[in-house]
């Protein structure tokens, strides 16, 4: 027996390698070998899976005496790490259990421990996989059917708990439901009465659930051509169908069937009582979802038929594709290869299924599971591997998404346009543009023309203006972006009469001759402040300047920022260099929020045709703390920016600003924690008498206190930012709704769609942050006296976690 | 243990034999892989070509039926049609000849003229129709051997360069990509449209470009595309299939130059 353990692990064939030996392999670590043997069973092999499993089971049986814990641990990690091979491992466990009853028992015990741990720590995905594995263990005669059923009963009992969020009971019900395709038949045969009772409890729960959150998560507002169902509703419909088909399905691999003779003689274990840990405020449960559907069987031209949306096969295949993406998301090439070697690829229209699942993830609300670029690059990889078929499916999908764009959620339209621009940039911008030319005659605010325009804008970022002009047909002229350029008003005709022109030109030559910031400041000193001189000027009144000293100097800001951006207009880096060199002056000029808004306004004057430049400049200004996040938000909501308000870049800036703010808070939080840890560690050392003078700097209580103050200030700033954004949203939307009511016109204009769904987007994209302020928002802003259409968005959002 | 226990110590000899067996097994597998891979590829290429062809044949039949009904065509002895070929010794010989020499199909029109002058009578039109059909069938059959549709051509010529190829083919159609194997004097040109590849073969094969005689044929290994698709996805397919990242797109922008002065 001892020789067997020295088998090299790189043999393809486990069954035979168990009897092979190679010289010089004595040193191979046996534990590593075991791991390799176990993790690789079920991969492509020259001999049948059955014989490999049989062989491996005998090898493991022999090693159990010495390596039991190790083997158990490896098997348990396979449960959560290699779920695509679940049936292989349940069969293996079944075979081991048949050979060695105790070992089966210990494995189940260990798995139960892991399940309890996952539930306690909130690793719900792992917990789901373990539940499913336990269910499949019933099929392999490892676990008594009745005891699994009582675990299910315990899970379903969560639905009876009082004062818990629905997401909690949802998850427990989902965990049971998602295991049913594997084990339902067995339960039905062995415990029919109890099983039916369980099913009717689930049915009851499903019919009573609140579904306020659904509208917030839908990709399309329309149910045509495919209903967009809540995930539990959909899965339940699929399971009811499965039941109608006498619990038989065609998708699940069941290698244990071949071992029925061996397995049915094995003794089974009874699961211990598993009671879900009780709810506490800290636990966050998985968010609900809406199932995304874009294809049905009529969309697939030929070959295998696409399973219907309520057939369990659809769910199982989607799950499996989802799994492959999850395992390989960091490596697009491996991921593409893994997807295309899908086990039952000849029985399903694989390309359509892959494309649908990938778009469902890309469009997932609130946020996609992985980076958006992952989906884009993976689709390209898939096109490369299947140039004869994948591009067609993708083109068909694009065409369908475009056709259905009118009812598409704004967030999804944005992701769709980003993806499409990226995809085109990898395919020489070739597309049958002429098919879309009707959009050129539409109201440019409607989704179709807006989408095309934004695609071209994004595509231009990935190439250049001239290329866009050459790419699309002439009829698209109205949608082609303006050529990006900088505007410098002080050099234009008629500039002579403007108050700042002279100083602007002095400034140019001063900066060109490399003046110091101080010298530049001296030049600016000569400029009069229009706010104190011309109180009557209405432009400045708008900004709410009271009598007394003006809080900022618009002319100085205007002249200096115009000149600076003009001189740095060659590139991003030139602009950055300009900002860096004159950082101090910029900070001085824009020391109030009004000043900062004026600065941003001036930037817009210079770069309004270059969206990407504005995006990076605002980012830079925030990073260098020349402007504050709240100033950016107020600027974007200001009346000057109203014509830009539905353009996507405005929202790119808005979200980037929010993200920047939260990063800053996170960093300060981290700093405080680190400093506290250091201090604690130092104190402990001191107490132990190990104080070392040469140690790194120990923060004092004083320093920590100051850090905490800074953190608190940043947290307040963050809260204020959200309040400003929501308040401005409410103002602008209430205004619109009131106007429409006054003029008795339909409020549901294209503008309204863009704006209300942007409000929704703020909630969703930053849901983790916004949830912290939910009570403040409820009592301060989203009160019952605001318009229902606005309030509804807030309520849908709250329902996400309730 | 239920299993047969092999003696656990192998002799030197046994070990060597085993190794040999393993390598042989590997080679066999590799061979099998090559063998099975090839026909798959050909099939894949031929499959899409087959469909439209079959359709057109059916169409032709339909059209012929319509014409018959309308009376513009008359088949003199419908009873004999199925055996007509068998009765005609000449045509049988011809068909055989054609089967042997596939190249002649391209010279069909001229041959028909010749044939017309030799044979007169009621059957020849019909016979010719059958022959035409056979030739078509034959052409179709040969399609299985070499890809007859594709957007990539193979060009061979002593000392060819990418520039020469670009010059030679850019006026035929939009070039997506050119791949060179300079040491073998071989290049592969991918066009946006398959028709361009056909034109290129018809026009440039055998021609002299920059003093180099070019041999142009369809590239052997290239992916097949569904030809019924629209322009955009067809080019997505071709681009996806080409290994090269560079595009043949000509950047028409003017170079923007700045003064070297660095003010910041």
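Chains as they are written, first to last, in my numbering: chain A, 168 to 969; chain B, 8 to 271. Even for Gly, the Cβ is constructed at its ideal location relative to N, Cα and C. As the structure is a prediction and not an experimental result, all values here were calculated from the model.
Distance between residue 760 (chain A) and residue 676 (chain A) (C-alpha atoms, nearest Å) = Mapped onto the first chain, residue 676 (chain A) falls at position 509. Mapped onto the first chain, residue 760 (chain A) falls at position 593. Here the C-alpha atom of residue 676 (chain A) lies approximately 30 Å from the C-alpha atom of residue 760 (chain A).
Who pairs with residue 162 (chain B) in a beta bridge, going by DSSP?
-> Numbered from its first residue, the second chain carries residue 162 (chain B) at position 155. Paired residue(s): B:194, B:223.
Give every residue of the same chain whose Cβ lies closer than 6 Å to the Cβ of residue 518 (chain A), excluding the five residues on either side of it in the sequence, and list them in chain order.
-> Here the question's residue 518 (chain A) lines up with position 351 in the first chain. Counting only Cβ-Cβ distances below 6 Å, and skipping sequence neighbours, we find 556, 557, 560.
From which residue to which residue does the beta strand (DSSP E) around residue 186 (chain B) run?
-> Here the question's residue 186 (chain B) lines up with position 179 in the second chain. Residue 186 (chain B) -> beta strand (DSSP E) spans 182-188.
Cβ shell of residue 505 (chain A) (< 6 Å), same chain only, five flanking positions each side left out = To locate residue 505 (chain A), count along the first chain from 1; it is residue 338. So the qualifying residues of the chain are 491, 495.
Compare the C-alpha of residue 719 (chain A) against each of A:696, A:204, A:741 and name the closest.
-> Within the first chain, the letter at position 552 stands for residue 719 (chain A). Comparing Cα-Cα distances from residue 719 (chain A) to each of A:696, A:204, A:741, the minimum goes to A:696.
Those runs of the alpha helix (DSSP H) which lie wholly inside the region 712-780 of chain A and span at least 4 residues | Those alpha helix (DSSP H) runs which fall completely within the region 712-780 of chain A and span 4+ residues are 721-734, 739-748, 750-756, 760-774.
Taking Cβ to Cβ, would you say residue 305 (chain A) is nearer than 8 Å to residue 353 (chain A)?
-> Translated into positions along the first chain, residue 305 (chain A) becomes position 138. Translated into positions along the first chain, residue 353 (chain A) becomes position 186. Against a cut-off of 8 Å, the Cβ pair of residue 353 (chain A) and residue 305 (chain A) comes out as a contact.
When DSSP builds the beta bridges, which residues end up paired with residue 457 (chain A)?
-> If you number the first chain from 1, residue 457 (chain A) lands on position 290. Partner(s): A:397.
CA-to-CA distance, residue 615 (chain A) to residue 635 (chain A), given in whole angstroms | Stepping through the first chain from its first residue, residue 635 (chain A) is reached at position 468. Stepping through the first chain from its first residue, residue 615 (chain A) is reached at position 448. Spanning the two alpha carbons is a distance of roughly 18 Å.
Compare the C-beta of residue 657 (chain A) against all C-beta atoms of chain B and say whether one is closer than 8 Å.
-> Position 490 of the first chain, counted from the first residue, corresponds to residue 657 (chain A). Not closer than 8 Å to any Cβ of chain B, the Cβ of residue 657 (chain A) fails to qualify, so no.
List in chain order: all unbroken beta strand (DSSP E) runs of 3+ residues lying wholly within the region 212-267 of chain A.
-> Segments of the beta strand (DSSP E) lying fully in the region 212-267 of chain A: there are none.
Between residue 220 (chain A) and residue 255 (chain A), is the Cβ-Cβ spacing less than 8 Å?
-> Locating residue 220 (chain A) in the first chain gives position 53, where the first residue counts as 1. Locating residue 255 (chain A) in the first chain gives position 88, where the first residue counts as 1. Yes.
Starting from residue 968 (chain A), follow the alpha helix (DSSP H) in both directions and report where the run begins and ends.
-> Here residue 968 (chain A) corresponds to residue number 801 of the first chain, with the count starting at 1. Residue 968 (chain A): not part of any alpha helix (DSSP H); DSSP gives it neither H nor E.
What does residue 259 (chain B) touch in chain A if you count any residue whose Cβ is under 8 Å from its own?
-> Position 252 of the second chain, counted from the start, is the residue given in the question as residue 259 (chain B). Neighbours of residue 259 (chain B) in chain A, taken as residues at a C-beta separation under 8 Å, are given in chain order as 633, 637.
With a CB to CB cut of under 8 Å and the five nearest residues on each side skipped, what residues in its chain are close to residue 797 (chain A)?
-> To locate residue 797 (chain A), count along the first chain from 1; it is residue 630. Here residue 797 (chain A) has 760, 884, 887, 888, 891 as same chain residues with Cβ atoms under 8 Å from its own Cβ, once five neighbours each way along the sequence are excluded.
Expected contact under 8 Å - CB spacing of residue 228 (chain A) and residue 269 (chain A) to nearest Å = Counting from 1 along the first chain, the entry for residue 228 (chain A) is found at position 61. Counting from 1 along the first chain, the entry for residue 269 (chain A) is found at position 102. Residue 228 (chain A) to residue 269 (chain A), Cβ: 12 Å. No contact.
Interface residues of the region 679-694 of chain A facing chain B [CB-CB below 7 Å] = Taking 7 Å as the cut-off between beta carbons, the residues of the region 679-694 of chain A near chain B are 679, 681, in sequence order.
Hey, could you find the ends of the alpha helix (DSSP H) residue 669 (chain A) is sitting in?
-> Residue 669 (chain A) sits at position 502 when you count from the first residue of the first chain. Run containing residue 669 (chain A): 668-679, per the alpha helix (DSSP H) assignment.
Can you tell me which of the three DSSP states residue 436 (chain A) falls into?
-> Taking the first chain and counting its residues from 1, one reaches residue 436 (chain A) at position 269. Assignment of residue 436 (chain A) by DSSP, reduced to helix, strand and coil, places it in the strand class.
Residue 265 (chain B) versus chain A: which residues are under 8 Å apart at the beta carbon?
-> Mapped onto the second chain, residue 265 (chain B) falls at position 258. Those are 737, listed as they occur along chain A.
Do residue 430 (chain A) and residue 265 (chain A) have their CB atoms nearer than 8 Å?
-> Here residue 430 (chain A) corresponds to residue number 263 of the first chain, with the count starting at 1. Here residue 265 (chain A) corresponds to residue number 98 of the first chain, with the count starting at 1. Yes, the Cβ-Cβ distance between residue 430 (chain A) and residue 265 (chain A) is below 8 Å.
Interface partners of residue 171 (chain B) on chain A, CB under 7 Å = Along the second chain, read from residue 1 onward, the residue named residue 171 (chain B) stands at position 164. Under the 7 Å cutoff, chain A gives no residues; its nearest Cβ is about 23 Å from residue 171 (chain B).
Give a yes or no on whether the minimum CB-CB distance between residue 734 (chain A) and chain B is below 8 Å.
-> As a first step, residue 734 (chain A) is located in the first chain; it is residue number 567 there, counting from the start. The Cβ of residue 734 (chain A) sits closer than 8 Å to at least one Cβ of chain B.
Which partner residues of residue 575 (chain A) appear in the DSSP bridge assignment?
-> By 1-based counting over the first chain, the position of residue 575 (chain A) is 408. The beta-bridge partner set that DSSP reports for residue 575 (chain A) consists of A:387.
Do residue 439 (chain A) and residue 287 (chain A) have their C-beta atoms within less than 8 Å of each other?
-> Residue numbering aside, residue 439 (chain A) sits at position 272 when the first chain is read from its first letter. Residue numbering aside, residue 287 (chain A) sits at position 120 when the first chain is read from its first letter. Judged by beta-carbon spacing, residue 287 (chain A) lies beyond the 8 Å limit of residue 439 (chain A), meaning their Cβ atoms are not closer than that value.
Nearest residue (CA-CA) to residue 778 (chain A), options A:755, A:815, A:763 | Taking the first residue of the first chain as 1, we reach residue 778 (chain A) at position 611. Comparing Cα positions, the closest option is A:815.
Could you tell me whether the Cβ of residue 345 (chain B) comes closer than 8 Å to any Cβ of chain A?
-> Absent from the model: residue 345 (chain B). The displayed extent of chain B is 8 to 271, so no value can be given.
Within the region 867-944 of chain A, note down every full alpha helix (DSSP H) run reaching 4 residues or more, in order along the chain.
-> Every alpha helix (DSSP H) stretch that sits fully inside the region 867-944 of chain A and reaches 4 residues is listed by chain position as 868-909, 917-932, 934-937.
Enclosing alpha helix (DSSP H) for residue 977 (chain A) [first to last residue] | With chain A running from 168 to 969 in the structure shown, residue 977 (chain A) is simply not present.
Bridge partners - residue 310 (chain A), DSSP secondary structure assignment = For the purposes of this step, residue 310 (chain A) is identified with residue 143 of the first chain, where counting begins at 1. Residue 310 (chain A) has A:436 as its beta-bridge partners, per DSSP.
Cβ-based neighbour list, residue 924 (chain A), same chain, cut-off 8 Å, excluding 5 preceding and 5 following | Counting from 1 along the first chain, the entry for residue 924 (chain A) is found at position 757. Correct list, in chain order: 576, 577, 578.
Would you be able to state if there are at least three C-beta pairs under 8 Å between the region 725-745 of chain A and the region 613-629 of chain A?
-> The region 613-629 of chain A vs the region 725-745 of chain A: no contact.
Euclidean distance between Cα positions of residue 944 (chain A) and residue 954 (chain A) = Residue numbering aside, residue 944 (chain A) sits at position 777 when the first chain is read from its first letter. Residue numbering aside, residue 954 (chain A) sits at position 787 when the first chain is read from its first letter. Each residue's alpha carbon lies about 15 Å from the other.
Residues near residue 209 (chain A) by beta carbon distance below 7 Å, same chain, minus five either side | Position 42 of the first chain holds residue 209 (chain A). Once the five neighbours on either side are set aside, the close Cβ partners of residue 209 (chain A) are 216, 252, 255.
Residues in its own chain within less than 8 Å of residue 219 (chain B) by CB, not counting five upstream and five downstream?
-> Against the second chain, residue 219 (chain B) aligns to sequence position 212. Its chain contains 164, 165, 166, 167, 171 as the residues whose beta carbon lies nearer than 8 Å to that of residue 219 (chain B), once the 5 sequence neighbours on both sides are disregarded; these appear in chain order.
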